[in-house]
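Notes follow once the structure below has been shown.
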Amino acid sequence: MLKQLILENWKSFAYAELPLSPFTVIVGTNASGKSNLVEAFILLKRLVSGNTIDASLAGDKTLTPIRGGIDWAALKPEREFTLKVLVDGEGNQVDYLYSVNVDTKPDAEILAEKIIYREYQRDKTKVVFERDIISGYIDSHDYKDIILKISTLYKNARWTLPNHHKSILNYFKNTYILDNITEVNLIISSLEKIFVLNPVPERMRGYSPISKTLDSDGSNIAGVIAGLSTRVRDEVEETLCEYAQGLPAGNIVKVWAERIGRLGGDAMLYCEEEWTHGQIQEIDARSMSDGTLRFLAIMTALLTIPRHSRLIIEDVDSGLHPSRAELLARMLLELGRQREINILVTTHNPALLDAFGMEIVPSVVVVHRDVNTGESKLTRLKDIENLPKLMVSGALGQLTTEGAIEDSLAANRIQDSR
Ligand SMILES: Nc1ncnc2c1ncn2[C@@H]1O[C@H](COP(=O)(O)OP(=O)(O)O)[C@@H](O)[C@H]1O
Ligand SMILES: [Mg+2]
């Protein structure tokens, strides 16, 4: 599992560590840096999937650009940034730190990549693998033979792009030797399992092709559900219905997807609503409410992405009435646990924070802009000095609406700098 994300000179962050729990909640006011944080995950996933650093940042035919493209990737006025992830090894005694260092000027290129192994009990660390573009150095302590094979491959394979535009992890992945390198495998699989969902109801209203995986905008929700085997589809539709029933004031009595057309290559999403007792109205996705569609997309992601994925959803409660916060919280916690999906959500909604309950406090992270430097900072809610005092005056959610947390953090920083 991913345990931590570390940002150095990434967008509005000069240095920040984001601890990751199975269920992580990020709160922060507008422009505090929540989306910047999420974009770091997007970039890492793109790199490990074999995209060039240019395309990963600036976008291409298939990738949407990361906001601001290459120009706004590094903290102004810096030109380099580094992203690091800490990944759990076997047991809890070992972990691996992967880092990638990128230059953005004049063009985007990967300057260095490194994997470090750490063993806690013996207080031992070792470089598993290191690559430095400037010196042209690629080395590994334990895997000299493998590195030799890879560097030979580099020369012989005539990669269509210069190698400093792609992550070395992808080259490892594409060679038959990967099976032998557990640590590289672990890092690749945990980054590949990042799934950022940003449901766009408008795109979920049409027919969609039968698909294996949900698109990040949820647009092929019908195609994904209809494409499941009958047994799994029945289960998924039943779960969708179970939670969706709590959504409107009336009743959603059934949710399902159906193949359409002669060849059945497309699908449409339907539901049955019962507004007055005994009168059932069948509707298709074209007339479903935005809130319902977003809710169904989130559930479909939780029910269909691979186990142990890290599902990331920004403004998870957007489009949902505050009175449905409890239902959303329960659904995320229950389905996440059932399917062993790690979740990261950002939210502004005080009702949602309260609905998660006090057990969530250890995994809430606050993003705010430092009053002195303007940089984004991350603080665990539980590490905020006067949290107990703040809590006395209101519920968790209320604290975030009134900006009391940010005020308290700002006050501390001003004191620190004196
Ligand atoms: N390269 C950069 N250097 C400094 N600040 C940046 C950079 N890129 C973005 N920002 C700042 O980040 C802020 C937007 O952060 P964002 O993550 O969208 O906020 P949120 O999602 O919390 O509303 C803007 O104020 C913008 O100026
Ligand atoms: Mg945002």
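Numbering (the working numbering), first residue to last: 402 to 819.
Every residue gets a Cβ at the ideal spot worked out from N, C-alpha and C, and that includes glycine.
If you compare the alpha carbons of D618, M669, P602 and D616 with that of T693, the shortest gap goes to P602. With contacts defined by Cβ atoms closer than 7 Å, P423 and Q405 do not form a contacting pair.
With contact defined as three or more Cβ pairs closer than 8 Å, the stretch 426-436 and the stretch 759-766 are in contact. Taking C-beta separations shorter than 6 Å and ignoring five residues to either side along the sequence, the partners of A459 in its chain run P466, G470 and I471, following chain order.
DSSP places I742 in the coil class of the three-state scheme, outside both helix and strand. The alpha helix (DSSP H) runs lying completely inside the stretch 728-805 and spanning 4 residues or more are 751-757, 788-793 and 797-802, given in chain order.
Between ligand 2 and S436, a heavy atom-to-CB distance of less than 6 Å is present. For L403, the enclosing beta strand (DSSP E) has its first and last residue at L403 to W411. A straight-line Cα-Cα distance of about 23 Å links V495 and T483. Residue environment for R523: exposed (fewer than 16 other C-beta atoms within 10 angstroms of its C-beta). For the pair I622 and M605, the CB atoms are nearer than the 7 Å cut-off. The criterion of a C-beta distance shorter than 7 Å is not satisfied by V528 and E514.
Straight across, the Cα-Cα distance linking A686 with M700 is about 16 Å. Taken through DSSP and simplified to helix, strand or coil, E531 comes out as strand. Y671 is positioned such that its CB atom lies no closer than 7 Å to that of M732. In this structure, DSSP gives M605 a helical state, which the three-state scheme calls helix. The Cβ-Cβ distance between I589 and V488 does not fall below 7 Å. For I443, the enclosing alpha helix (DSSP H) starts and ends at K435 to V449. The C-alpha of D455 lies about 6 Å from the C-alpha of A509. Within the same chain, and ignoring the five residues on either side of S433 in sequence, the residues whose Cβ sits closer than 7 Å to its Cβ are V768, H769, R770 and S777. Residue pairing of N652 in beta bridges, as defined by DSSP: E675. Cβ-Cβ distances below 6 Å link N437 to K412 and S413 in the same chain, with the five nearest sequence neighbours on each side left out; the list follows chain order. Exclusion of the five residues before and after A698 leaves P600, G619 and I622 as the residues of its chain whose Cβ lies within less than 6 Å of its Cβ.
Between the stretch 678-685 and the stretch 706-721, the count of C-beta pairs closer than 8 Å stays below three; the two stretches do not touch. Here P789 is exposed, its C-beta having fewer than 16 other C-beta atoms within 10 Å. About 7 Å separates the CB atoms of R695 and L721; that is less than 8 Å, so the two are in contact. A direct Cα-Cα distance of roughly 40 Å separates T631 from V762. Apart from the 5 residues on each side of it in sequence, G647 sits with its Cβ closer than 8 Å to the Cβ of R725 and L728 in its chain, given in chain order. By a beta-carbon distance limit of 8 Å, L703 contacts R740. Their separation comes to about 6 Å. Considering only L615, V597, M402 and H565, the residue with the shortest C-alpha distance to T705 is L615. The residues V767 and L800, in chain order, have a CB closer than 6 Å to that of I806 in the same chain once the five nearest residues on each side in sequence are set aside. As for any beta strand (DSSP E) of minimum length 3 sitting wholly inside the stretch 610-667, the runs are 652-661, ordered along the chain. In this structure, DSSP gives I588 a helical state, which the three-state scheme calls helix.
Annotated as proximal: L408 and A441, with beta-carbon spacing under 7 Å. The three-state secondary structure of Y572, taken from DSSP, is helix. G804 counts as exposed, since fewer than 16 other C-beta atoms from the protein chains shown sit within 10 angstroms of its C-beta.
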